[in-house]
Every structure is written in C-alpha cells, then in structure tokens.
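A.B. asks: Residue numbers (the working numbering), protein chains in the order written: chain F, 3 to 255; chain Z, 546 to 849. All C-beta atoms in this analysis are idealised placements derived from N, C-alpha and C, irrespective of residue type, glycine included. Pasting a structure here, questions to come.
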Amino acid sequence: MTGLRIFSARSLKHSFRDGESLLMAVLLPLMLMLIFTFIFGESIAAGQGGDRSDYLAYVLPAIALTAAGFGASYTAVVVSNDMTTGFMNRLRTMPFPAVTVLLGHTVSSMVRNLLATAVVVGVAFALGFRTDASVGQFLGAVGLISLWILVITVVFAVLGMIAGSAEAASGYGFILLFLPYMSSGFAPVETMPGWLRGFAGHQPMTPIIDSSRALLNGQTPGSEWWIGILWCVGFIAVAVWLAAVIFPKKVAR
Amino acid sequence: MLYADKPLVEISGLSKSYGKHHVLNDLSLTIQPGIHALLGPNGAGKTTLVNILSTLIPYDSGTVRVLGLDPQHQRSQLQGLISLTGQYAAVDGRLTGMENMLMMGQLFGLSRRDTKRRADDLLERFELTAASGKRVVTYSGGMRRKLDIAASLIAGPQLIFLDEPTTGLDTRSRQALWDEISVLAEAGTSIFLTTQYLEEADVLAERIMVLHGGRIVADGTASELKDRVGGSTIQVHDGAGHIIETLPTQGSAQEVAHALSALAQERPDVGITVRRPTLDEVFLELTGEPVTDQNDKQKENAPA
Numbered sequence: 003m004t005g006l007r008i009f010s011a012r013s014l015k016h017s018f019r020d021g022e023s024l025l026m027a028v029l030l031p032l033m034l035m036l037i038f039t040f041i042f043g044e045s046i047a048a049g050q051g052g053d054r055s056d057y058l059a060y061v062l063p064a065i066a067l068t069a070a071g072f073g074a075s076y077t078a079v080v081v082s083n084d085m086t087t088g089f090m091n092r093l094r095t096m097p098f099p100a101v102t103v104l105l106g107h108t109v110s111s112m113v114r115n116l117l118a119t120a121v122v123v124g125v126a127f128a129l130g131f132r133t134d135a136s137v138g139q140f141l142g143a144v145g146l147i148s149l150w151i152l153v154i155t156v157v158f159a160v161l162g163m164i165a166g167s168a169e170a171a172s173g174y175g176f177i178l179l180f181l182p183y184m185s186s187g188f189a190p191v192e193t194m195p196g197w198l199r200g201f202a203g204h205q206p207m208t209p210i211i212d213s214s215r216a217l218l219n220g221q222t223p224g225s226e227w228w229i230g231i232l233w234c235v236g237f238i239a240v241a242v243w244l245a246a247v248i249f250p251k252k253v254a255r
Numbered sequence: 546m547l548y549a550d551k552p553l554v555e556i557s558g559l560s561k562s563y564g565k566h567h568v569l570n571d572l573s574l575t576i577q578p579g580i581h582a583l584l585g586p587n588g589a590g591k592t593t594l595v596n597i598l599s600t601l602i603p604y605d606s607g608t609v610r611v612l613g614l615d616p617q618h619q620r621s622q623l624q625g626l627i628s629l630t631g632q633y634a635a636v637d638g639r640l641t642g643m644e645n646m647l648m649m650g651q652l653f654g655l656s657r658r659d660t661k662r663r664a665d666d667l668l669e670r671f672e673l674t675a676a677s678g679k680r681v682v683t684y685s686g687g688m689r690r691k692l693d694i695a696a697s698l699i700a701g702p703q704l705i706f707l708d709e710p711t712t713g714l715d716t717r718s719r720q721a722l723w724d725e726i727s728v729l730a731e732a733g734t735s736i737f738l739t740t741q742y743l744e745e746a747d748v749l750a751e752r753i754m755v756l757h758g759g760r761i762v763a764d765g766t767a768s769e770l771k772d773r774v775g776g777s778t779i780q781v782h783d784g785a786g787h788i789i790e791t792l793p794t795q796g797s798a799q800e801v802a803h804a805l806s807a808l809a810q811e812r813p814d815v816g817i818t819v820r821r822p823t824l825d826e827v828f829l830e831l832t833g834e835p836v837t838d839q840n841d842k843q844k845e846n847a848p849a
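See the structure below:
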C-alpha cells in the first residue's frame, strides 16, 4: 500500500513536470472538440437532420475517449522506460512487489486522463452543450469512460512491458488510437459501407460510446452497456494475466 | 550483527544456463565479510552471478547462501539486508536527488523522519548536498553514479552489490568513486563488486576472484594471485633503461643483495629492478584472454 502511494506520487510528479506532455493532454481534446464541432459538425449533422449542437452532443463521448487513448499511450512510454533501465532491477531486489510501480503508473494515468475528460466536458459546455442528465446518469457516463481509460491504460502498460524501447512502445499503440474513428463515435454505423459496419458495430468502443452518450444526454442506455462492460473486464483480465506472466521474466540484463 | 557468524556468500555447485548457453558452470565459492572483487572479461557471467546473489534471477542448480539466506527461497528476508547497484544507474532522472533518496528510504519502510536524516547524511558524504534539489537528468555521469550508490545505502544494507560501478566514468570520477567505496568498506559494509578493470580490483578489493568459463579459476589477494602465476624477476637494465637481463627470484634480500654485488663488480653502470607480474599478466595466464582495454569499454558505453 505504501508502495502504491509512493509510486503514484512519483508517476504524477513525472506527469506534471513533463510540461509538454501535459500541454498535449489538454490541447488535444480541445482541438478535437473544435475541429469536430466547427469543421465537420454542421455537414455530418445535416445528413442526420440535425445541427451543430446536436452533433456536439453526439460526438462528446468519442472525443473524451479519443483524448484518453492518446493520454494513456503515454503509459507505454513510462513503463518501457522503467523496464529498460536499472531502476526496475533495483526495485526487484527490494523487499516489496516491484509490480507496484506499474500500478502507480496506472493510477497516474487515470488522474491525467480524467483531467483531460474534464477539459472535454468543460469545453463542450462552453460551446453550448446542455443536458438534462441527472447526477446519477452523469456519473454513470463518467464511470463508463473511466473504465475504458483503465482498459487503454493497462493495454498500453503491457505494450510498454513487451516493447524493446519507449519509442517502439508508443509506436505499437498508434493503431489503438484509430479505434474510436471506426466506431459509432463520430458517425452512425449505419452510414458506413457494409464491410466496415460489421467491425464498427461490434468493436468494444461502440457499446461504451453509445451508452455513455445516452447517459450524458439524459437518456436510458439500451442493453448494450453491459456488453461494453464485459469487453472492458475481458481486456483488463487478459492484460493483467499477460503482465503477471511477462513481468517476472523481464529482468534487464 | 545478526549474520556476523555466517559467511558473506557461500556457493557450491552453482549452475545457470540461458537455453543452451551455460553461463555459470558448477561454481563454488565461500567469502567472508569484507570487500571482494569479481574479475572477468565481458560475457564471463559476472552480472549473472550478481543477479542471482541479489535475488533478481533464479538459479538452475547448486546451493547458494547470501548472509546465510537462500536468495531464491528466502528472497524477502534477504532483500531487507542487501542492495544492488547495477550497470545502469537506477535513479529516476525526473526526480531530484533528494526525492530519489526519500523514495528509496520509504520503500524500504523507513519513517519519513529517519529517511530524511539518512538522506541528508548520505548526500553530504557523497558531496551531493548542493545538487540535491536539482533533477537527476541534469547530473553528470559521475554524480549519477554517486547518487545511485547513496540511494542503495539508504536502508543501511549489510552487503552491497556493485556491478561495474565505474564503467563509463572518466578517470577523475572513477578515482573519486574508489575513495567513496573504500570509506564504505571501512564503515563496515561488505561489498561485492564486479569489474573488468584490474586496477580497480587491485586498488579496492581485499580479495579478488577471477571468473572464467563459468567458474572461479583463481581467488585470493592481489599479491597471492601474482605469486600463483610466477615469482618475481630481477631485471637488469642499462643506463638507457633497456632490459639486458632478467633473473628469476623469490625477492628475498639475500638473493637481491647477491645479484647486486655481482653486478656492481661486473657492470657498475647498470640499474636493477625487482619486478612482480602485473595483474594483467596474471589474468592472461589464468584465462588465456587479455583484459578489455579501458578505453574500448568506454567507447562501447558511450551513447550512440
């Protein structure tokens, strides 16, 4: 427990001292928000018989999750840095489980990305987003988004563990950052060509995005929310299992 | 001291392979508290042995005891008594020197106050007090090494492993670090260091173990190792310093006096030196391989 506190503090210090990364973590969601609302918003919404503010309400969860994906990819870099330097070896010779350092990075990634989510929601309100969602619905949406942030964080942590270098680690994760575009996040799945529809309709982000969108807009999500949660639990279980297998073997020589 | 009656390290029949590559081969060794150097060329298995002793990796067979404890099966007990300073600095570049010390101390379970007090002492001893508030990325290689060792001492270990502590350092930093290591040893901390620099082993260690082909091929004081390879020689050289004759000797006063008196009559112009083999020669004799040149090693470790 002490270890978790110490490593979370360490990782947060890293995040907040790395001014450039922090700036990116805030700027990226801001830019995405502006681009999708003002550049694509009107024309995409027109096709669905709505206007810019309808699209803002539609795209909000996808932007929060895209930004979180970007923010979480940083975890791969920090984990890889720790794995490939002498730091981890020393921790492994100390009387506590060295894997705690990874939990510390996870906690700090959650904090960082929830901040980014707060920026997204704040900007949305500034741009005119209004909702009838109750506090419970709002918290439900934040909970689903947080769960997905946790998923991407642990996936990137495992990538960071496997990758030979920090550069490779962030490279591997690049593909994951495109996942939200191939979901119901930015455009309805029905508007996509048939070959893409199958993937976009059934990939894990779609139920998460659909449910959090419904909650954010004060509606009751359909049954897809538990499919989203199952995906998340599955991803986390696999990532934890992989970490448990790989971590002890990755002693830097 | 709890483990004072136990040997520092006791190994018998230790083997370790990576796939088909046998790194350590039926290695046996017993050492008492003190300062010991494990000497061997690149790839001899020095780091593998240190990693086994410091609980980092499991071994395949044999028995291993460090401070009386098995590093594989009594890991956590042993981990509270040792510390490892590996080849790559284990300090966090984005934290300050002091933050690194405090983090390590608290991870070892020391209270905040004790950690702070010990950190202050150690930073002062290693002449890092002025830099303690600066981030480690701004430190020189020598400072980083010193902080690394200081951090490894925070919980007052009984035994520290230093894996090639001066590799990649310039001559001045190396000398400064040697001084620090000697002070540590005087303070009663046992040190197990690996090195490929003979000079380092010669200067620092009470006892030198030569690792070759996965085994300890020689072990003893520098002087004993030199004796093993062959006795001293009397070198007779002319006025210009050229060696004109080499005579084997035991180095005794009588022998040297005899040689001297004979020479004084025959060739009053010559000089005479009693020469012992260097550790380099010992090493070559024992392993059939020359030691790595320090400059080569530095090049190897230079950032690409």
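1) What's the call for Z:VAL681, buried or exposed, on a 16-neighbour Cβ count within 10 Å?
2) Go ahead and pull the three-state DSSP assignment for F:MET96.
3) Is it the case that the segment 548-566 of chain Z contacts the segment 185-201 of chain F, given that we only count it when at least three CB pairs across the two stretches are under 8 Å?
4) What residues match up with Z:VAL781 in a beta bridge as DSSP calls it?
5) Measuring straight from C-alpha to C-alpha, what distance separates Z:GLY816 and Z:THR794?
6) Please list the partners that F:VAL253 has in chain Z, where partner means a Cβ-to-Cβ separation under 8 Å.
7) Identify whether Z:GLU751 lies in helix, strand or coil by the three-state DSSP scheme.
8) Check whether chain Z comes within 9 Å of F:LEU93, counting only Cβ atoms and requiring the distance to be less than that.
9) Going by DSSP, which residues form a beta bridge with Z:VAL609?
10) Can you give me the start and stop residues for the beta strand (DSSP E) that Z:HIS581 sits inside?
11) Looking at Z:MET646 and Z:GLY677, is the spacing between their C-beta atoms short of 9 Å?
12) What do you get for Z:HIS787, buried or exposed, if any count of 16 or more other CB atoms within 10 angstroms of its CB means buried?
13) Comparing alpha-carbon positions, which option in F:GLY71, F:VAL61, F:HIS204, F:ASP56 lies nearest F:ASN115?
14) The alpha helix (DSSP H) that contains F:VAL235, what's its start and end?
15) What residues from chain A crowd round F:ILE41, counting only those whose CB sits closer than 9 Å?
16) Could you tell me the alpha carbon to alpha carbon distance between Z:ALA849 and Z:THR823, rounded to whole angstroms?
17) When you compare the CB positions of Z:GLN632 and Z:THR592, do they come within less than 9 Å of one another, or not?
18) I'd like to know whether the C-beta of F:ASP56 is nearer than 9 Å to at least one C-beta of chain Z.
19) Please look up how many angstroms separate the CB atoms of Z:LEU572 and Z:GLY687, rounded, as I've assumed it's under 8 Å.
20) Cutting at 8 Å between CB atoms, please list the residues of its own chain near Z:GLY590, excluding the five before and the five after it.
21) Would you kindly report the start and end of the unbroken alpha helix (DSSP H) that includes Z:PHE706?
22) Using beta carbons (cut-off 9 Å, strictly below), is Z:THR630 in contact with chain F?
23) Considering only the alpha carbon of each residue, which of F:ILE46, F:ALA126, F:MET90 lies closest to Z:LEU596?
24) Suppose you measure from the CA of F:PRO63 to the CA of F:ILE147; what does that come to, to the nearest Å?
25) Restricting to runs no shorter than 4 residues, where is the alpha helix (DSSP H) found entirely within the segment 92-138 of chain F?
26) What residues in the segment 7-28 of chain F have a beta carbon less than 8 Å from any beta carbon of chain Z?
27) Check each candidate in Z:SER557, Z:ILE576, Z:ILE789 and name the one with the smallest Cα separation from Z:ASP550.
28) Using the Cα positions of Z:THR641 and Z:ASP666, report the straight-line distance between them to the nearest angstrom.
29) State whether the segment 610-630 of chain Z contacts the segment 550-559 of chain Z, with contact taken as three or more CB pairs (one from each stretch) at a distance under 8 Å.
30) May I ask which residues mark the beginning and end of the beta strand (DSSP E) holding F:PHE72?
31) Our contact map puts F:SER75 next to F:SER172 with C-beta atoms below 8 Å; I'd like the distance itself, whole angstroms only.
32) Can you find a CB in chain Z that lies within less than 9 Å of the CB of F:THR4?
33) Per the DSSP calculation, Z:ARG760 is bridged to which residue(s)?
34) Applying the criterion that 16 or more other CB atoms from any shown protein chain within 10 Å of the CB defines a buried residue, is Z:GLU669 buried or exposed?
35) Since Z:ILE576 is in the beta strand (DSSP E), which residue starts that stretch and which ends it?
36) Should F:VAL121 and F:PRO31 be called a contact, given that it needs their Cβ atoms to be closer than 9 Å?
C.D. replies: This is what the structure holds:
1) Locating residue 681 of chain Z in the second sequence gives position 136, where the first residue counts as 1. In summary, Z:VAL681 is buried, with 16 or more beta-carbon neighbours lying within 10 Å of its beta-carbon over all protein chains present.
2) Here residue 96 of chain F refers to the residue found at position 94 of the first sequence. In the three-state scheme derived from DSSP, where H, G and I count as helix and E and B as strand, F:MET96 is classed as coil.
3) Judged by Cβ distances under 8 Å, the segment 185-201 of chain F makes no contact with the segment 548-566 of chain Z, as fewer than three pairs qualify.
4) To locate residue 781 of chain Z, count along the second sequence from 1; it is residue 236. In DSSP, Z:VAL781 forms a bridge with Z:GLU790, Z:ILE817.
5) If you number the second sequence from 1, residue 816 of chain Z lands on position 271. If you number the second sequence from 1, residue 794 of chain Z lands on position 249. Cα to Cα, the separation comes out at about 16 Å.
6) As a first step, residue 253 of chain F must be located in the first sequence, where it is residue number 251. Those within 8 Å of F:VAL253 in chain Z are ASN596, LEU601, ILE602.
7) Within the second sequence, residue 751 of chain Z is the residue found at index 206, counting from 1. Three-state DSSP puts Z:GLU751 in coil, outside helix and strand.
8) Working through the first sequence from its first residue, we reach residue 93 of chain F at position 91. So yes, F:LEU93 belongs to the interface.
9) The count along the second sequence starts at 1 and reaches residue 609 of chain Z at position 64. Residue pairing by DSSP places Z:VAL609 opposite Z:ILE556 in a beta bridge.
10) The residue labelled residue 581 of chain Z in the question sits at position 36 within the second sequence. If you look at Z:HIS581, you'll find it in the beta strand (DSSP E) that goes 580-584.
11) The sequence position of residue 677 of chain Z within the second sequence is 132, counting from 1. The sequence position of residue 646 of chain Z within the second sequence is 101, counting from 1. Here the sequence assigns Ser to residue 677 of chain Z, which means Gly is not the residue at that position. Yes, the Cβ-Cβ distance between Z:SER677 and Z:MET646 is below 9 Å.
12) Here residue 787 of chain Z refers to the residue found at position 242 of the second sequence. Exposed: under 16 other Cβ atoms inside 10 Å.
13) To locate residue 115 of chain F, count along the first sequence from 1; it is residue 113. It is F:GLY71.
14) Mapped onto the first sequence, residue 235 of chain F falls at position 233. In the DSSP annotation of this structure, the continuous segment of the alpha helix (DSSP H) that includes F:VAL235 starts and ends at 226-248.
15) Here the protein chains are F and Z, and chain A is not one of them.
16) On the second sequence, residue 849 of chain Z is found 304 positions in, with the first residue counted as 1. On the second sequence, residue 823 of chain Z is found 278 positions in, with the first residue counted as 1. The predicted position of Z:ALA849 is uncertain, since its pLDDT is 36 and thus under 50; a value taken from the coordinates is nonetheless stated next. Those two C-alpha atoms are separated by around 34 Å.
17) Numbered from its first residue, the second sequence carries residue 632 of chain Z at position 87. Numbered from its first residue, the second sequence carries residue 592 of chain Z at position 47. Using a Cβ distance threshold of 9 Å, Z:GLN632 and Z:THR592 count as a contacting pair.
18) The count along the first sequence starts at 1 and reaches residue 56 of chain F at position 54. No, F:ASP56 does not count as interfacial toward chain Z.
19) Residue 572 of chain Z sits at position 27 when you count from the first residue of the second sequence. Residue 687 of chain Z sits at position 142 when you count from the first residue of the second sequence. Incorrect: roughly 33 Å between the Cβ atoms, too far for contact.
20) Walking along the second sequence from the start, residue 590 of chain Z turns up at place 45. If we look at Z:GLY590 and ignore the five residues flanking it on each side, its Cβ neighbours are LYS561, VAL568, LEU569, LEU756, GLY759.
21) Here residue 706 of chain Z is taken as the residue at index 161 of the second sequence, counted from 1. Here Z:PHE706 belongs to no alpha helix (DSSP H); instead the beta strand (DSSP E) covers 704-708.
22) The count along the second sequence starts at 1 and reaches residue 630 of chain Z at position 85. It does; some Cβ of chain F falls within 9 Å.
23) By 1-based counting over the second sequence, the position of residue 596 of chain Z is 51. With the sequence shown as reference, residue 596 of chain Z is identified as Asn, and Leu is not the correct amino acid for it. Of the listed residues, the one whose Cα sits closest to Z:ASN596 is F:MET90.
24) Locating residue 63 of chain F in the first sequence gives position 61, counting from the first residue. Locating residue 147 of chain F in the first sequence gives position 145, counting from the first residue. Using only the alpha carbons, I get a separation of about 8 Å.
25) The DSSP assignment places complete alpha helix (DSSP H) segments of no fewer than 4 residues inside the segment 92-138 of chain F at 102-128, in order along the chain.
26) So the list reads ILE8, ARG12, LYS15, HIS16, ARG19, ASP20, given in the order they occur along the chain.
27) The sequence position of residue 550 of chain Z within the second sequence is 5, counting from 1. Z:ASP550 has its Cα closest to that of Z:ILE576, out of Z:SER557, Z:ILE576, Z:ILE789.
28) Along the second sequence, one-based indexing puts residue 641 of chain Z at 96. Along the second sequence, one-based indexing puts residue 666 of chain Z at 121. So the alpha carbons of these two residues sit roughly 16 Å apart.
29) The segment 610-630 of chain Z, when compared against the segment 550-559 of chain Z, does touch it at the 8 Å Cβ threshold.
30) Here residue 72 of chain F refers to the residue found at position 70 of the first sequence. Counting along the chain, F:PHE72 falls outside any beta strand (DSSP E), though it belongs to the alpha helix (DSSP H) covering 54-86.
31) Residue mapping note: residue 75 of chain F aligns to position 73 of the first sequence, counting from 1. Residue mapping note: residue 172 of chain F aligns to position 170 of the first sequence, counting from 1. Between F:SER75 and F:SER172 the beta-carbon gap is near 6 Å, inside 8 Å, which marks them as a contact.
32) The sequence position of residue 4 of chain F within the first sequence is 2, counting from 1. Among the residues facing chain Z, F:THR4 is included, as its CB has a counterpart in that chain under 9 Å away.
33) Against the second sequence, residue 760 of chain Z aligns to sequence position 215. Z:ARG760 is bridged by DSSP to Z:HIS757.
34) Locating residue 669 of chain Z in the second sequence gives position 124, where the first residue counts as 1. Exposure of Z:GLU669 is indicated by the presence of fewer than 16 other C-beta atoms within 10 angstroms of its C-beta.
35) As a first step, residue 576 of chain Z must be located in the second sequence, where it is residue number 31. Where Z:ILE576 is concerned, the enclosing beta strand (DSSP E) stretches over 566-576.
36) Here residue 121 of chain F refers to the residue found at position 119 when the first sequence is read from its first residue. Here residue 31 of chain F refers to the residue found at position 29 when the first sequence is read from its first residue. Annotated as proximal: F:VAL121 and F:PRO31, with beta-carbon spacing under 9 Å.
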